[in-house]
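Worksheet for the structure shown next.
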Amino acid sequence: KAGVTQTPRYLIKTRGQQVTLSCSPISGHRSVSWYQQTPGQGLQFLFEYFSETQRNKGNFPGRFSGRQFSNSRSEMNVSTLELGDSALYLCASGQGGNEQFFGPGTRLTVL
Amino acid sequence: GENVEQHPSTLSVQEGDSAVIKCTYSDSASNYFPWYKQELGKGPQLIIDIRSNVGEKKDQRIAVTLNKTAKHFSLHITETQPEDSAVYFCAAGEDYGQNFVFGPGTRLSVLP
Numbered sequence: 145k146a147g148v149t150q151t152p153r154y155l156i157k158t159r160g161q162q163v164t165l166s167c168s169p170i171s172g173h174r175s176v177s178w179y180q181q182t183p184g185q186g187l188q189f190l191f192e193y194f195s196e197t198q199r200n201k202g203n204f205p206g207r208f209s210g211r212q213f214s215n216s217r218s219e220m221n222v223s224t225l226e227l228g229d230s231a232l233y234l235c236a237s238g239q240g241g242n243e244q245f246f247g248p249g250t251r252l253t254v255l
Numbered sequence: 009g010e011n012v013e014q015h016p017s018t019l020s021v022q023e024g025d026s027a028v029i030k031c032t033y034s035d036s037a038s039n040y041f042p043w044y045k046q047e048l049g050k051g052p053q054l055i056i057d058i059r060s061n062v063g064e065k066k067d068q069r070i071a072v073t074l075n076k077t078a079k080h081f082s083l084h085i086t087e088t089q090p091e092d093s094a095v096y097f098c099a100a101g102e103d104y105g106q107n108f109v110f111g112p113g114t115r116l117s118v119l120p
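As you go down the protein sequences, you meet chains L and H in turn.
This note's numbering puts the first residue of the first sequence at 145, with every later residue one more than the last.
This note's numbering puts the first residue of the second sequence at 9, with every later residue one more than the last.
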C-alpha cells in the first residue's frame, strides 16, 4: 500500500505571495492532518480534516487554511506569506482514530 | 492547553546500551501517548503508542511506560543499534483525532 504523498517536496516563494500544498493520504484513510515543523517551535498542529469536515484546528492565524476533497485528498493554503512561514509542512493520514502516518513533507522557503 | 516537555534534548549511547527518553504532560484529559522517530529528510514514523488505561507496552526492543498520576511517560530502547540514531518525539492527545501536542524532540546518537 502506498504511503502518504505530498507535493511539491520543495517550494520557494517570496513574501506576500500565497502557496498551496497538496497531500494524498493512504488509500482508505479518511482523516488528514497538517503540521508545521520549525527548529524553533518544533511540530505544531495546524488542522485536521475528516470526511471533508474540519474536525480540529490549531492556534494559527487565518492566513492558514485547508480543505479536503471527497477522495480524501487535502490541500493547505497559506496566503500573504511571511518570512516566519518558512518551515517543513507535514501531512498525516489516519482512519479516524488516533493512529496517523506522516508523509515526507513539503519544505517551504519564503524569501 | 496541553504542554509536553521532553528530556534530554540530546542523548549519546554506545551501541548495545539502553536509551531512555522521558516526557511530561500537563492536561489530565490527554489519554493517548504516541512516540515518533524522525530520520533526516523524512516525516515522523510512529514506533509505539500507549493509552492511559495501560501502564506499559512493549514491542521487541522498544517499550513505553506511563504514570498517569504523575503525568509522565517514557520511551525505553534496549540493545541500541546505529540505525536507532534519529530524533524522537513524544506526543499527547485525546480519545480521537490527530490533534496532538508534541514534545520538542530528543536527538539520539548511537555510537558504534
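Cβ atoms here follow ideal geometry from the backbone N, Cα and C, with glycine treated the same way.
Because the structure is a prediction, the values reported are computed rather than measured.
Q. Could you give the distance in angstroms between the alpha-carbon of H:Gly51 and the alpha-carbon of H:Tyr96?
A. 11 Å
Q: Scan the region 207-247 of chain L and note each continuous beta strand (DSSP E) run of 3 residues or more that stays entirely inside, going in chain order.
A: 208-212, 218-222, 231-238
Q: Less than 8 Å between the CB atoms is what I'm expecting for L:Leu190 and L:Thr250, so what's the real figure, rounded?
A: With a Cβ gap of about 12 Å, L:Leu190 and L:Thr250 do not count as contacting.
Q | Boundaries of the beta strand (DSSP E) in which H:Thr114 is found, first to last residue | A | 114-119
Q | Three-way DSSP call (helix, strand, coil) for H:Leu92 in this model | A | The sequence given here has Asp at residue 92 of chain H, not Leu. Of the three classes helix, strand and coil, the one that applies to H:Asp92 here is helix, per DSSP.
Q: Spell out the partners DSSP gives H:Gln22 in its beta bridges.
A: H:Leu119
**Q.** Range of the contiguous beta strand (DSSP E) that encloses H:Tyr104
**A.** H:Tyr104 -> no beta strand (DSSP E), and no H or E assigned at all.
Q: Below 8 Å on the Cβ atoms is my guess for L:Tyr193 versus L:Gln212; work out the distance and round it to an integer in Å.
A: 4 Å
Q) In terms of DSSP beta bridges, what is H:Pro42 paired with? A) H:Asp57
Q. Buried or exposed: which applies to L:Ser214, given that a residue is buried once 16 or more other Cβ atoms fall within 10 Å of its Cβ?
A. exposed
Q. Between the region 28-40 of chain H and the region 181-188 of chain L, do at least 3 Cβ pairs fall closer than 8 Å?
A. no
Q) Which word fits H:Ser26, buried or exposed, when buried means at least 16 other C-beta atoms lie within 10 angstroms of its C-beta? A) exposed
Q: Could you tell me the boundaries of the beta strand (DSSP E) in which H:Gly49 lies?
A: Where H:Gly49 is concerned, there is no enclosing beta strand (DSSP E), given that its DSSP letter is neither H nor E.
Q. What residues from chain H crowd round L:Glu226, counting only those whose CB sits closer than 7 Å?
A. Correct list: empty, because the minimum Cβ distance to chain H is about 22 Å.
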